[in-house]
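Q: If you're matching them up, the sequences are chains B and S in order. Counted from 1, the first sequence has number 43 at position 43 by full-length UniProt numbering; the numbering is strictly sequential. Counted from 1, the second sequence has number 443 at position 443 by full-length UniProt numbering; the numbering is strictly sequential. One structure, pasted below without further comment.
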Amino acid sequence: MEKTPDKISSAAEKNAVLNLKETELRLGLPGSEFLDKKATGFSLFGKDLKDETNKNIFSGAKRVFSDAIDGSNKWGLCINGGSEVDLGKNDVLFSPRGANGGVKNTNILQSSHPAKEVPPQPAKGKKNENGGPSTTPASKAQVVGWPPIRSFHKNKLNTNLSRNNDVAAGKSESSCLYVKVSMDGAPYLRKVDLKTYCSYAELSSALEKMFSCFTIGQYASHGLRGKEEVNECHLMDLLDRSEYVLTYEDKDGDWMLVGDVPWAMFTDLCKRLRIMKGSEASGLAPRVIAKCKSQH
Amino acid sequence: MAQSFPEDVLVHVFSFLNCDKDRNAVSLVCKSWYDIERSSRRRIFIGNCYAVSPEILIRRFPDVRAVELKGKPHFADFNLVPEGWGGYVYPWVVSMARAYPWLEEIKLKRMVVTDESLELISKSFKNFKVLVLLSCEGFTTDGLAYIAANCRNLRELDLGESEVEDLSGHWLSHFPDNCTSLVSLNISCLVSEVSFSALERLVARSPNLKTLRLNRAVPLEKLPNLLYCAPQLVELGTGVYFAEIQSDIFSNLAEAFLGCKQLKGLSGFWDVVPAYLPAMYSVCSRITSLNLSYATAQNPDLVHFVSQCSNLQRLWVLDYIEDTGLEALAASCKDLQELRVFPSDPYDAEGNVTLTEQGLVAVSEGCPKLQSVLYFCRQMSNAALVTIARNRPNMIRFRLCIIEPRAPDYLTLEPLDTGFGAIVENCKELRRLSMSGLLTDRVFEYIGTHAKKLEMLSIAFAGNSDLGLHHVLSGCESLRKLEIRDCPFGDKALLANATKLETMRSLWMSSCSVSFGACKLLGQKMPRLNVEVINERGPPDSGPESCPVEKLYVYRTIAGPRVDMPGFVWTMDEHVSSRLSRATE
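Right, dumping it as structure tokens:
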């Protein structure tokens, strides 16, 4: 095919139309507009953010969990935003009809960031001759299932690379880390890629959306503050009041409350996640506190 | 018309027909041929487990010895199919346990297999020989223990790349001492360490063992022990290929490989230490299949090793091979038929290696038998694609993934329509195509016009309008599987080509623009299709009918709507509206 002079401009035109069309056709997942409009203020971990100052739970924390959560941590509850629909949906979801539903293990997270799937502008060149900054930041949120590599392969390669990191200096860490997420009472597990999130806020928001179908409970923040003392009584209060807490299994096999270490460290330590009933987690706290105390 | 041959003769003649296509044709000739054929068919392949039911299978084919089933759609490999979707093998095992006591082989792909299923398999089929589980999940090593313990004549146990809940390595010790029938064992997906002495004894008492793929936990220092027990191996998957650099480890390894005169395939290589690669040099010239997709070695070690394998037919490798390595490959491996290059760092936008379109062009020039390609890279041009197409008109499978979605021709900034158009126009035998980069409706026009032998097409972030989808559905005569994600394809093309869908195995569309109303209409009008809507965020009728569904999976079936769907999957049929309203009461 011959290249005509107006080819490039027509391609650009078409692409402009494409972008327009994308907006028109709402390629974002259905309900995403609902999530914006019908925020009901439920939050998994970020409730009572204004009361951050009293959330002095763990000592030695380098970063504040709730700090990381945006002040406007509101999220919509599924599509309909109404708790009665959730209860109805619970019934539907909990009864897999028919034959052996014995699915034992891992599950898959669906993209919770439709808004972040910004298609790159087609006219931009990859190698910017002018030496200006690339328009694709390396930390941009990943699209689910892209590039199309089997997670099996990614995970196996992961462990390769992190080992070889000792050998090959300067090599960037490979960027995929699937961990299982279970929730007490939910009929099936999910799997999330921790590397698709940059903060506890994103993770909590994603988990809310994933598991909101199973619960409409309220959650307490167990955010942390810099160097304050662990307040054991305070933690107990919190856990008693909350219905669910998010915990993780670390490399030592211990179950910890999420939020005790900086995010980047957390992604290294976390082997799996569990959304636990608050009453069960209160047994967790003393050990956690002891662990924190022992680190100082 | 009187039958010319007695039944015995026909049975004998049909016994020479092994391929399903021929048997299907024969069974259409007349009723008696149908009956004879069905009672003599021993091997069954079901590409979509929901297209037919166990009962229908057993009713038609009463004496089957080998069954192959596939479950989830291909995009499940990339986490696009939510957990709990389906693909359970248990009901099949239950029915077959009753009907096929002489069943010998079960091969499954992307299915959910439980320990219960494995136990039932191990106890129901006295002559069970072959179990292949590719990309399956749902079972633990306890289930494997049943297979090891009870299948007296087990020949093949291949766990593929399944997700196994690994409770311990103890299961391997359940193989009884008098089990000597193993021909193929692939445990590469397992994490736990198996007892090495149990493994060694098992290998030593299996004189017919041809394929052995170890898991990572098997240390390199112990590999020679296994090689000495099985010098007849044809395919070897190493365990971890890492050890402290010690000369005795190296010499042991090299000497052990010297004894492997039949070795043709190599895989494994986790944590590879390049210094140990030369231990395999003695076998390299016989190697035809090399899977280095977990080997993080770089050039020059990597290319040096690969270039030793002058008879290589299949190479899977990471992009550490770079353009220079591929050029060397093109020069030294003239028998190469299949090349797969995987990204070492898929999420890094800039990339850390020099692997570009040039590498693929070089291989297409230097390797006249190249017919199957899977290539991940970060830049592509129409010119390169045209060159590749002209070099390799014999291409059968071409899968190109440019890491950045919608990336244009990096030289001209145009869409890659021309390049992919050249591929389909020149490669007249093309059966499988995956595309990426910036693509408009025009590329689909080329595909519809030229890709007459195309059976499977994968599309992502491409096209402008329904016209694109329409070109494909109306033009590709041989199309069996179509999978689409994040494309602006909607109702019009789908509904206009509804009957085409009955000629295909399946259609997958996710993050497109197909409305709930259109799905309902399709499901109601086409009773021989299952039109399944996957909406994780809530029932599809919670918004207006024009609201797009999240994911759509359409497949032909004679088994009717399935009954094992999870709460986020809805079948569109005439009952869908009442089912939905009941659910929200």
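Where a beta carbon is used, it is the ideal one built from N, C-alpha and C, also for glycine.
1. Checking contacts by CB at 9 angstroms: is serine 192/S closer than that to chain B?
2. When DSSP labels each residue in this structure, what does leucine 214/S get in the three-state scheme?
3. Hey, quick one: how far does the alpha helix (DSSP H) through leucine 433/S stretch, first residue to last?
4. Rounding to the nearest angstrom, what Cα-Cα distance links serine 307/S and glutamine 298/S in this structure?
5. Are the C-beta of cysteine 49/S and some C-beta of chain B separated by less than 9 angstroms?
6. Helix, strand or coil for phenylalanine 139/S? Go by DSSP, reduced to three states.
7. For a contact defined as C-beta to C-beta under 8 angstroms, what are the partners of cysteine 401/S on chain B?
8. Does the beta carbon of serine 124/S sit closer than 9 angstroms to a beta carbon anywhere in chain B?
9. Whole angstroms is fine: what's the gap from phenylalanine 257/S's alpha carbon to proline 231/S's?
10. What span of residues does the alpha helix (DSSP H) with threonine 571/S cover, start to end?
11. Between Asp158/S, Thr211/S, Glu221/S, which has its C-alpha nearest leucine 190/S's C-alpha?
12. What residues are listed by DSSP as bridge partners for tryptophan 270/S?
13. Threonine 354/S: which of Leu253/S, Thr114/S, Asp323/S sits nearest, CA to CA?
14. Take the Cβ of methionine 265/B as the centre, count every other Cβ of all protein chains shown within 10 Å, and call the residue buried at 16 or more, exposed below.
15. Starting from asparagine 150/S, find everything on chain B with Cβ-Cβ shorter than 9 angstroms and list it in chain order.
16. Taking C-beta pairs closer than 9 angstroms, name the residues in chain B that asparagine 186/S reaches, listed in chain order.
17. Using a Cβ-Cβ distance cut-off of 9 angstroms, determine whether serine 205/B contacts chain S.
18. Within the chosen definition, does the region 526–539 of chain S reach the region 476–494 of chain S through at least 3 CB pairs nearer than 8 angstroms?
19. Apart from the five residues on each side of it in sequence, which residues of its chain come closer than 6 angstroms, Cβ to Cβ, to glutamate 477/S?
20. At the level of alpha carbons, what is the spacing between glutamate 49/S and methionine 183/B?
21. What residues from chain B crowd round phenylalanine 420/S, counting only those whose CB sits closer than 7 angstroms?
22. Count the other CB atoms within 10 Å of the CB of alanine 362/S; is the residue buried (16 or more) or exposed (fewer)?
23. If you count every other CB in all the chains shown that lies within 10 Å of the CB of aspartate 345/S, and 16 or more means buried, which is it?
24. Rounding to the nearest angstrom, what Cα-Cα distance links alanine 328/S and cysteine 401/S in this structure?
25. Which chain S residues are close to serine 279/B, counting only those with a beta carbon under 7 angstroms from its beta carbon?
26. Return the chain-ordered list of same chain residues with a C-beta closer than 8 angstroms to the C-beta of threonine 23/B, the five sequence neighbours on each side being excluded.
27. Counting along the chain, where does the beta strand (DSSP E) carrying arginine 59/S start and finish?
28. Spatial neighbours of isoleucine 149/B within its chain, please: CB distance less than 8 angstroms, with the 5 preceding and 5 following residues excluded, ordered by chain position.
29. Contact criterion: CB-CB distance below 9 angstroms. Does asparagine 79/S meet it with respect to chain B?
30. Quick check on the DSSP output: what are the complete beta strand (DSSP E) runs of length 3 or more inside the region 101–140 of chain S, in order along the chain?
31. Can you tell me whether glutamine 246/S is buried or exposed, with buried defined as 16 or more other CB within 10 angstroms of its CB?
32. Entirely within the region 428–493 of chain S and at least 4 residues each: give me those alpha helix (DSSP H) ranges in chain order.
33. Since I believe valine 563/S is in contact with tryptophan 570/S (beta carbons under 8 angstroms), could you give me their beta-carbon distance rounded to a whole number of angstroms?
34. Taking its Cβ as the centre, do 16 or more other Cβ atoms sit within 10 Å of alanine 422/S, making it buried, or is it exposed?
35. Mind checking which residues open and close the alpha helix (DSSP H) that includes asparagine 291/S?
A: By the coordinates alone:
1. Start at 1 with the first residue of the second sequence, and residue 192/S comes out as number 192. It does not: the Cβ of serine 192/S has no partner Cβ on chain B nearer than 9 angstroms.
2. Position 214 of the second sequence, counting from 1, holds the residue named residue 214/S. DSSP places leucine 214/S in coil when its eight states are reduced to three.
3. Reading the second sequence from its first residue, position 433 is the one you call residue 433/S. First-last for leucine 433/S: 432–434, but that is the beta strand (DSSP E), not the alpha helix (DSSP H).
4. Position 307 of the second sequence, counted from the first residue, corresponds to residue 307/S. Position 298 of the second sequence, counted from the first residue, corresponds to residue 298/S. Going by the C-alpha atoms only, they are around 13 angstroms apart.
5. Residue mapping note: residue 49/S aligns to position 49 of the second sequence, counting from 1. No, cysteine 49/S does not count as interfacial toward chain B.
6. As a first step, residue 139/S is located in the second sequence; it is residue number 139 there, counting from the start. Of the three classes helix, strand and coil, the one that applies to phenylalanine 139/S here is strand, per DSSP.
7. Taking the first residue of the second sequence as 1, we reach residue 401/S at position 401. Residues of chain B passing the Cβ test: Pro147, Pro148.
8. Position 124 of the second sequence, counted from the first residue, corresponds to residue 124/S. For serine 124/S, the answer is no, since every Cβ of chain B falls outside 9 angstroms of its Cβ.
9. Residue 257/S sits at position 257 when you count from the first residue of the second sequence. Residue 231/S sits at position 231 when you count from the first residue of the second sequence. C-alpha separation (whole angstroms): 8 angstroms.
10. Working through the second sequence from its first residue, we reach residue 571/S at position 571. Element bounds for threonine 571/S: not the alpha helix (DSSP H) but the beta strand (DSSP E), 569–571.
11. Counted from its first residue, the second sequence places residue 190/S at position 190. Per the Cα distances, Asp158/S.
12. Start at 1 with the first residue of the second sequence, and residue 270/S comes out as number 270. DSSP lists Val240/S as partners of tryptophan 270/S.
13. Locating residue 354/S in the second sequence gives position 354, counting from the first residue. Among Leu253/S, Thr114/S, Asp323/S, the Cα nearest to that of threonine 354/S belongs to Asp323/S.
14. Position 265 of the first sequence, counted from the start, is the residue given in the question as residue 265/B. Classification for methionine 265/B: exposed.
15. One-based indexing of the second sequence puts residue 150/S at position 150. None at all; the shortest Cβ gap to chain B is about 20 angstroms.
16. Numbered from 1 along the second sequence, position 186 holds the residue referred to as residue 186/S. Simply none; closest approach about 14 angstroms.
17. Here residue 205/B corresponds to residue number 205 of the first sequence, with the count starting at 1. By this cut-off, serine 205/B is not an interface position.
18. no
19. Indexing the second sequence from 1 puts residue 477/S at position 477. Excluding sequence neighbours, glutamate 477/S sits near Lys452.
20. As a first step, residue 49/S must be located in the second sequence, where it is residue number 49. As a first step, residue 183/B must be located in the first sequence, where it is residue number 183. Here residue 49/S is cysteine; the residue named in the question, glutamate, does not match the sequence. In a straight line, the C-alpha of cysteine 49/S is about 30 angstroms away from that of methionine 183/B.
21. Against the second sequence, residue 420/S aligns to sequence position 420. None at all; the shortest Cβ gap to chain B is about 12 angstroms.
22. Locating residue 362/S in the second sequence gives position 362, where the first residue counts as 1. Alanine 362/S comes out buried.
23. The residue given as residue 345/S occupies position 345 in the second sequence. So aspartate 345/S ends up on the buried side.
24. Translated into positions along the second sequence, residue 328/S becomes position 328. Translated into positions along the second sequence, residue 401/S becomes position 401. Cα-Cα distance, rounded: 22 angstroms.
25. Here residue 279/B corresponds to residue number 279 of the first sequence, with the count starting at 1. Per Cβ cutoff of 7 angstroms: no residues; serine 279/B is ~27 angstroms from chain S at best.
26. Within the first sequence, residue 23/B is the residue found at index 23, counting from 1. Annotation note: pLDDT 38 at threonine 23/B (below 50); position unreliable, coordinate value reported separately. Same-chain partners within the cutoff: there are none.
27. What you label residue 59/S is simply residue 59 of the second sequence in a count that begins at 1. Arginine 59/S -> not in any beta strand (DSSP E); alpha helix (DSSP H) instead, spanning 54–60.
28. In the first sequence, counting from the first residue as 1, residue 149/B sits at position 149. No residues qualify anywhere along the chain.
29. Taking the second sequence and counting its residues from 1, the one referred to as residue 79/S is at position 79. Yes, its Cβ sits closer than 9 angstroms to a Cβ of chain B.
30. 105–109, 130–134, 137–140
31. The sequence position of residue 246/S within the second sequence is 246, counting from 1. Label assigned to glutamine 246/S: exposed.
32. 441–450, 466–475
33. Position 570 of the second sequence, counted from the first residue, corresponds to residue 570/S. Position 563 of the second sequence, counted from the first residue, corresponds to residue 563/S. Incorrect: roughly 13 angstroms between the Cβ atoms, too far for contact.
34. One-based indexing of the second sequence puts residue 422/S at position 422. Counting Cβ neighbours within 10 Å, alanine 422/S comes out buried, since at least 16 surround it.
35. For the purposes of this step, residue 291/S is taken as the residue at position 291 of the second sequence. Where asparagine 291/S is concerned, there is no enclosing alpha helix (DSSP H), although the beta strand (DSSP E) it sits in stretches over 289–292.
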